[in-house]
Amino acid sequence: MSMDGMTDAQTAGGMLADQLDRLLAAVDAPLLQRVEAGQGAGPLGEQLAELGLPLALAPETKGGAGLGWQEMAPAMMSLGAHAAPAGLGEAMVANWALAHAGMEAEETPPAVAADPLEMDDAGKVTGMAALFWAAEGDEALAVARAPDGPRLVRLATQGRAEPLPTLGRDPRLRAAWDRAEPLASAPAPMGEATLRAPLAALRAAQIAGGLARQLDLSIEHGNTRQQFGRPIGKFQAIQHMIAQLAAEAAAARASVRIALRALDAADADPGAVPGVLPAVAVSKARTSLAVTRAVPHAHAVHGAIGVTQEHILHHFSRRLWQWREDAGDEHEWSETLGRAALARGGDALWPELVSLSGG
Amino acid sequence: MQAAFRFDPVDLPPSAQALREEVRAFLAEHRDRWRPALVAQSWTGFDRDFSREIGAKGWVGMTWPKEYGGAERSALERYVVIEEMLAVGAPVGCHWIADRQSGPLILRVGTEAQKREYLPRIVRGDCCFCIGLSEPDSGSDLASIRTKAERTDTGWTLTGRKIWTTNAHHADYIIALVRTSGGPQDRQKGLSQVIVDLTLPGVEIRRIHDMTGEAHFNEVTFDGVELPEDALLGVEGEGWAQGMAELAFERSGPDRYMSAFPLFRLTVDEASRQAGNDGPDRLAARRVGQTIAEMATLREMSVSVAGMLDQGEDPAQEAAVIKELGVNLEQSMPEMTREIVGVPAGVTDSDLAGMRAELQQLAPTFSLRGGTREIVRGIMARGLGLR
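These protein sequence lines are chains U and B, in that order. So the first sequence is numbered by our numbering: it starts at 193 and just counts up by one. So the second sequence is numbered by our numbering: it starts at 128 and just counts up by one.
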């Protein structure tokens, strides 16, 4: 299986990614404007739904397609590279969590909650959370901290949900619950990180796709925009900015594998679960860091046209800035990695680096 | 979508773990002998006896054919050995260049006689090679070199000068890029590679001290050195292409991001010590964690490139990416030490402070050697279709 942007048509994941790429090629700046204005994605929304992506990561025993995380990497990166106007990745995460908690996967699973809630002794849930790709009336899927351990809970959102404006401008709700009775509840298969970890991995993959897109746009601009009698890509300063952008995009893509490999290992062997959080930390920290470093280069190359509403670049910049902050940014995950490393001391540093990056 | 850089996933072979343990145990026996200044020099640190011991373990030229003394092990197994060496800053300088590029070059383009002459000696850890590329007037513009080899009845006469030659004062041989036909206007055309015995009459080696006070660099002058016919390596006139392929070996390995790792280790130890009962402060934790995320990712990419080289591919672009990112990380390490643990102002007389000072002074060279940062970025730009 190749994770370098060239999908392996032999695997189901590769075929899905190809189909997704073909459909998402229709996404342009005007469509993204319309989606942000609340006018919907039109027929593309239905075509995307027909792909069945939400079921990809859930095991076949729970109604899913039983595909692996690494296998779904090209599809997840494609979601980022095209700024897909649908919460397909989040739906994949929701069904993965539902299935691993012993529940059935669904074609339209509940909206994933970004933040944990609290459950009391009576099993009632309280708290506030952002919900991804949620509309009024949708159900929510959240992790709730409970007296006997974290639980995965389904909740209704009637009444106490309002649109949550963000930098990325995807349709989020801020929902609140006050001693709400869950519709369903089960022990969270990966503890408190049950939604946060796979979400962070998804965002890492989306970031990798989005940065690849900004690189493509920057190369295109460098080769076509003329100033001083030549394409601006002929100037060394521009070449070096694009090279730096490319290096960060390459690192982002390579780092995604670290999280996905760990998630696949944990799916196959419960003994591998402790390895998930450090791996996710590396991927999310590295991809978020890549956004911080790379996006300014893309804007420097594009000049003024790159900040305009009508150009497509900002649709990626804003999403990348959003995704680097969703499910923990580079500072938070770096701190997690750093605290653990400092507690273990210098001797453990090298062995830990080796085990994090493939052994 | 952009796929100029391919970092295919690569798994280390099952034998890797046992080999890694073996190398660690071997290094553990030697580590206490190395003073911090030597460890700070990483792979440029020179110790011929140590290289002989590594050769005796079968860890030099370990991927080469058995008929030349090699062990025919995989490039990924070799990768495990060299990264363990770098992790402890082992002084592997005597065999490093020969193992990394000179030997593979001879294997790739050398005659049978050359392979039999040099490879077994390199494998024993007993044959030191250095690289003759830059000249006083030719640094980044390598195609402008002027050292020339003129044909004679018995071979060649070599005249010219090479500079920045690491460890030439210790080395047995230099592989030099020289002009064998045409003139400077021909640039890459008419260049060849020659193997020169550094004990030959007419070879003069002048040491160049760097700001640390050490003298790894040298200027090597060739004043009418008489070379035998078989000094020519590979095809006459193909020196440029041969040399560029050799550079891919040089740019892609873990030495491109591991040079300052021993300092990172010491810094983590010190930061742990300074941390109170509540643990380290947020800045220290974040800085260390970010470095871990960057290094783990670089390792992921680097193992992938080793796998690609093993498959006979030419990952020149991928190697450039690793060099670009790797040297930035290496150069940031002395600054990280200052940020999170602090060192007494400029003081050099403790292990940590001494190593920090050494690496502070070596750091500028990280983005100069093997191709400057600006040259490497230009190579990437070409690969991306901008030039």
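All C-beta atoms in this analysis are idealised placements derived from N, C-alpha and C, irrespective of residue type, glycine included. It should be emphasised that the depicted structure is a prediction, and the values quoted were computed from it without experimental measurement.
Query	Result
Close Cβ partners of T348(B) (< 6 Å) along its chain, the five nearest in sequence each way excluded	R288, E331
Partners in chain U for D412(B), counting only beta-carbon separations shorter than 7 Å	With the sequence shown as reference, residue 412(B) is identified as Ala, and Asp is not the correct amino acid for it. Here the neighbours are E527, G530, R531, L534.
N415(U): contacting residues in chain B (beta-carbon distance under 8 Å)	G512, L513
Selected residue, minimal CA-CA separation from P311(B), among D268(B), V470(B), A446(B)	D268(B)
Classification of K193(B) by the beta-carbon crowding that lies within 10 angstroms, buried from 16 upward	exposed
Inter-stretch contact (C-beta, 8 Å, three-pair minimum) for the segment 507-522 of chain U and the segment 469-486 of chain U	yes
Residues in the segment 450-468 of chain B having any Cβ partner in chain U nearer than 8 Å	E451, L452
R511(U) at chain B interface by Cβ criterion, 9 Å	no
The segment 366-378 of chain U / the segment 302-317 of chain U touching (three or more Cβ pairs under 8 Å)	yes
Alpha helix (DSSP H) runs wholly inside the segment 271-337 of chain U, at least 4 long, in chain order	280-292
Rounded straight-line distance, which links the Cα of E328(U) to that of A353(U)	7 Å
As assigned by DSSP and simplified to three states, the class of V137(B)	coil
Interface residues of chain B facing Q431(U) [CB-CB closer than 9 Å]	R504, G505, M507, A508, R509, L511, L513, R514
DSSP state of W283(B) mapped onto helix, strand, coil	strand
Top-ranked residue by Cα proximity to A484(B), from T339(B), A412(B), F391(B), G512(B)	T339(B)
Contact with chain B by H491(U), beta-carbon distance below 9 Å	no
The segment 463-480 of chain B in contact with the segment 137-155 of chain B per 3-pair CB rule at 8 Å	no
Same chain, Cβ closer than 6 Å to H292(U), five either side skipped, listed in chain order	P381
Contacts around L203(B), its chain only, beta-carbon distance under 8 Å, and the 5 residues preceding and following it disregarded	V137, L139, P140, A143, V430, A433, G434, D437
Cβ-based neighbour list, E277(B), same chain, cut-off 6 Å, excluding 5 preceding and 5 following	T284
Boundaries of the alpha helix (DSSP H) in which P379(U) is found, first to last residue	Here P379(U) belongs to no alpha helix (DSSP H); instead the beta strand (DSSP E) covers 376-379.
Which listed residue (L236(U), A326(U), G425(U), H432(U)) has its alpha carbon closest to that of D362(U)	A326(U)
Under 7 Å from the C-beta of M365(B): neighbouring residues of chain U	According to the sequence displayed, residue 365(B) carries Glu and not Met. By Cβ distance, chain U contributes nothing, its closest Cβ being about 28 Å from E365(B), past 7 Å.
Reference G230(B); option with closest CA among G505(B), D396(B), P247(B)	P247(B)
Residue-chain proximity (Q369(B), chain U), Cβ-Cβ < 9 Å	no
Interface partners of T424(B) on chain U, CB under 8 Å	A443, A446, S447, I450, V474, R478, S549
Where I497(U) falls, given that 16 or more other Cβ within 10 Å makes a residue buried	exposed
For R453(U) and F508(U), the rounded distance between their alpha carbons	26 Å
Nearest candidate by alpha-carbon position, reference G329(B), set A167(B), E353(B), Q228(B)	E353(B)
Beta-carbon spacing of G403(B), A412(B) below 9 Å	no
Residues near L393(B) in its chain [Cβ-Cβ closer than 7 Å; skip 5 each side]	D478, L479, M482
Contact set for A573(U): own chain, Cβ-Cβ below 7 Å, skip 5 residues either direction	Nothing in the structure corresponds to residue 573(U), since chain U is present only between 193 and 551.
Minimum Cβ-Cβ distance from S399(B) to chain U less than 9 Å	yes
Proximity test, Cβ basis, 9 Å: E522(U) and chain B	yes
At least three beta-carbon pairs within less than 8 Å, the segment 460-470 of chain U to the segment 418-435 of chain U	no
Proximal chain U residues relative to E421(B), where beta-carbon distance stays under 7 Å	R478
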